[in-house]
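Read through the structure below, which is laid out as structure tokens, and then see the notes.
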Amino acid sequence: MLELSFGATTILSMSTRNDSAEFQLNHALEIQGVKYRYQKSSELALSIDSLIVARQEQVVITGRSGCGKSTLLHLIAGLMEPNEGVITVAGSSMSRMSGSKRDQFRGRHIGMVFQTFHLLNGFTVLENVLAALMFSEFPRSEHRSRAMTLIENLGINTPNARIQDLSVGQQQRVAVARAIACSPSIVLADEPTAALDPEYTSVAMDLLQNACRSIDASLICVTHDLSIVDRFDRQVSLQVPSLQERA
Amino acid sequence: MSDWNIVTRSLRSRWFSTLLTAMSVAIAVGLMTLLISMRSAGESAFKRGTGNVEILISKESGPLASVLNSLFYAEAPGNSILFSQYDELVNKYPFAWTIPTQLGDSYQGSPVMGTTTSFFEVFEPAIGTSWSLAQGRIFETSFEIVVGSEAGKVNRLSIGDSLVLQHGAPKTAGGHHHDVYQFKVVGVLNPTGTAHDRAVFTNLSSAWILHAHDRREAQLGEGIHTHESDLIDSDKKITGIYASIGTRKAALTQILASLRRDPNWTVANPSSTVGNLFQIVSDIDQILLAMAIAVLLSSGVSILVALYNSMDQRRHQIAVLRVLGASKMRVFNLIFTESAMIGVLGGSVGVGLAVVSGRAVSSVLQSRVGVYIEPSLPLDGYLMILLATIALSCIAGIIPATIAYRTSVVRSLRHSVS
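First to last, the sequence lines map onto chains X and F.
Each number in our numbering corresponds to the 1-based position in the first sequence with 12 added.
Each number in our numbering corresponds to the 1-based position in the second sequence with 6 added.
Structure below.
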């Protein structure tokens, strides 16, 4: 059974295809009482009472623009700190970590895929994947072979091509390869199909979801694209807090 | 993939800016290194070039002119000393050795010194360096010439060549050729690294005969021939006296003081005169050094500006690295290392430039002044300059590195597209 409580200010609704109790025992992510306000505003931007994502679970987060979907991913990734509450990833509380520990933890346990991929321009495909492995737990001697295997498995034939010379589809493959390179516990995807043609969306999602399954990682995907919602184990709908809630 | 790869790739991706910045550092470091090395090398080369002459006696306007003209062949000495006066002087003071020298003629820009064979026997052109012949022998009779190594090279002279001397020192030469008298090259000297290398040497009688002939020709008309027997006392002139008191060093001050009391003589202790010369030019030297340091500081600012300007393009890369797990300190170190690398590159090229240009300057000075100045610093000196440059580059890198440290990952990702 999924644990999902309804926050006072942000309403989460859900649909599920998997009721297995295993998820309660194997949490990839646990959020408790998280509230976030933007620095220059006292208004509440995001409030989640409770959200738990099981290991290997694939969750899609939907909601209108401004409801805090991307903010939620940044909080989970430790790129932003919540004003209140606890975020636990793979059993470790991000809130209790120092900045550098959180960075190190992110490098080892969290992979990210972005709408515009955010690859390192000027670097090759191989170097982009190796860049992620720089911060992983894998021994340096294994980096190259691991990166090459990933690149091959994801169907990229040009490991030495520079990123700017690749098509959008190829860049997406590199972004996925980079996200799973360090065998993270959780992969966060922020609008991964928004930059793609509709006919490529399904291929891209297959690639991302299968890649996560291949390493037993959970996937949390933020999207506006309702056509991909059914591909996930669960949908979480994030809503914009009302004015009263914000105050 | 390592931090090093990221640093080098980043520098290469902005290669033109990196090159210009490194070059500005290199020029400043090169200039500073050259000035420092030339200063110490110049002073030691000039001191070295005074050889084992402890007392230089002439009738020049002052000790500095005396040293520059008689030992470094700067210009023809102005006033002459009668050889009889030289004899008197030598008998009056307890010198270990004295060498009379006569300057005033030249050959193809090379000064001609009339002297005695003692010049090659007791005089060391540089302390610890005696004369040695590359070819031939020292002159034995009149109209024989021994050629300094540089003079021989420049004028392509070898044993058996005949030459005609010209009246006047190299810079003022324009006087007539003493073409009645052919001189024959009998010896070529090995290099000594001193001004003497660009001179040619003959005995005093030859030099005197040339000028006595001019006098006699004016009196008796053309077509005459002058021999040593035709010389009168007033023909026998010299322009300088090299002297040493040998092992009795304690007597040097006393002899110098005694000689200086006689207003007829200009007396110099060459080593201290050269020291005084460099004391005089040290103020200019300090100004040049200050300018070089100012250029170095401005190149430090240029590193700061180059990196600072690149930060706008770099925010995306920094944000991506932070997403991948790089800590704030690690991205700080990346930018800091980039700055240090520019310092290493600029500093190394600068020191290299200083060594190469120093050799070029040295070569020009040797051929023009005859003094071999080897502009080198001890290894410690080069290392200190290099370390100072890297330290300066690191300081210049602090601001851009701090910007990288404080870069907001979320904002940078939002505002940039891959």
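A virtual CB, placed ideally from N, CA and C, is assigned to each residue, including glycine.
Enclosing alpha helix (DSSP H) for Trp271 of chain F [first to last residue]: It is not in any alpha helix (DSSP H) - Trp271 of chain F carries neither H nor E in the DSSP assignment.
Cut-off 6 Å between Cβ atoms - residues of its own chain near Lys242 of chain F, not counting five sequence neighbours on either side: Phe89 and Trp214
Where the segment 13-32 of chain F meets chain X: residues whose CB sits under 9 Å from a CB there: Arg15, Ser16, Arg18 and Ser19
Assigned secondary structure, Phe189 of chain F (DSSP; H/G/I helix, E/B strand, else coil): strand
Contacting residues, own chain, Cβ-Cβ under 6 Å from Thr100 of chain X (five flanking each side not counted): Glu42
Nearest-angstrom beta carbon gap, His219 of chain F and Thr232 of chain F [assumed within contact, 8 Å]: 4 Å
Span separating the alpha-carbon of Arg365 of chain F from that of Pro381 of chain F: 7 Å
Reference Pro276 of chain F, options F:Ala201, F:Leu74 and F:Met38, closest by Cα: F:Leu74
Simplified DSSP assignment, three categories, for Ala191 of chain X: helix
Contacts around Ala173 of chain X, its chain only, beta-carbon distance under 7 Å, and the 5 residues preceding and following it disregarded: Thr136 and Val137
For Leu294 of chain F and Val126 of chain F, the rounded distance between their alpha carbons: In the sequence on display, residue 126 of chain F carries Phe and not Val. Near 39 Å, if we compare the C-alpha coordinates of Leu294 of chain F and Phe126 of chain F.
Cβ neighbours of Met92 of chain X in the same chain (closer than 6 Å, five flanking residues each side left out): His86
Closest by C-alpha distance to Met44 of chain F, when choosing among F:Arg417, F:Ala346 and F:Ile379: F:Ile379
Buried/exposed call for Asn85 of chain F, threshold 16 Cβ in 10 Å: exposed
Cutoff 7 Å: Met146 of chain X Cβ touching any chain F Cβ: yes
Closer than 6 Å: Thr395 of chain F CB and nearest the ligand SAH heavy atom: No copy of the ligand SAH occurs in the structure displayed, which carries no ligand at all.
Nearest-angstrom Cα separation, counted from Arg420 of chain F out to Phe117 of chain X: 23 Å
Contacting residues, own chain, Cβ-Cβ under 7 Å from Gly199 of chain F (five flanking each side not counted): Ala132 and Tyr378
First and last residue of the uninterrupted alpha helix (DSSP H) at Cys224 of chain X: Pro210 to Ser226
Residues, ordered as in the chain, of the segment 98-118 of chain X that lie near chain F by beta-carbon distance below 7 Å: Gly111, Ser112, Asp115, Gln116 and Arg118
Closer than 7 Å to chain X by CB, Met297 of chain F: no
Collapsed DSSP secondary structure at Thr14 of chain F in the structure displayed: helix
Minimum Cβ-Cβ distance from Gly358 of chain F to chain X less than 7 Å: no
CB contact below 7 Å: Ala143 of chain X versus chain F: yes
In DSSP terms, what Ser347 of chain F is bridged to: The sequence given here has Met at residue 347 of chain F, not Ser. In DSSP, Met347 of chain F forms no bridge with anything.
Delimiting residues of the alpha helix (DSSP H) encompassing His183 of chain F: Premise fails: His183 of chain F is in no alpha helix (DSSP H) and is neither H nor E.
Proximal chain F residues relative to Arg120 of chain X, where beta-carbon distance stays under 8 Å: Gly331
Beta-ladder partner(s) of Arg49 of chain X, from DSSP: X:Leu56
Per-residue burial, Ala102 of chain F [other beta carbons within 10 Å of its own, 16 or more giving buried]: exposed
Environment of Ile409 of chain F [buried if 16+ CB atoms lie within 10 Å]: buried
Strand pairing of Tyr248 of chain F, partner residues [DSSP]: F:Leu62 and F:Ile105
Partner residues on chain X for Leu340 of chain F, Cβ-Cβ distance less than 8 Å: Ordered by position in chain X, no residue passes the 8 Å Cβ test against Leu340 of chain F, which lies about 11 Å from the chain.
Per DSSP, cross-strand counterpart(s) of Gln141 of chain F: F:Val194
Contacts that Phe150 of chain X makes with chain F (C-beta to C-beta distance below 8 Å): In chain order: nothing, as chain F lies at least about 12 Å away.
Beta-carbon neighbours of Arg328 of chain F, restricted to chain X and to distances below 8 Å: Leu91 and Asp115
Simplified DSSP assignment, three categories, for Glu203 of chain X: coil
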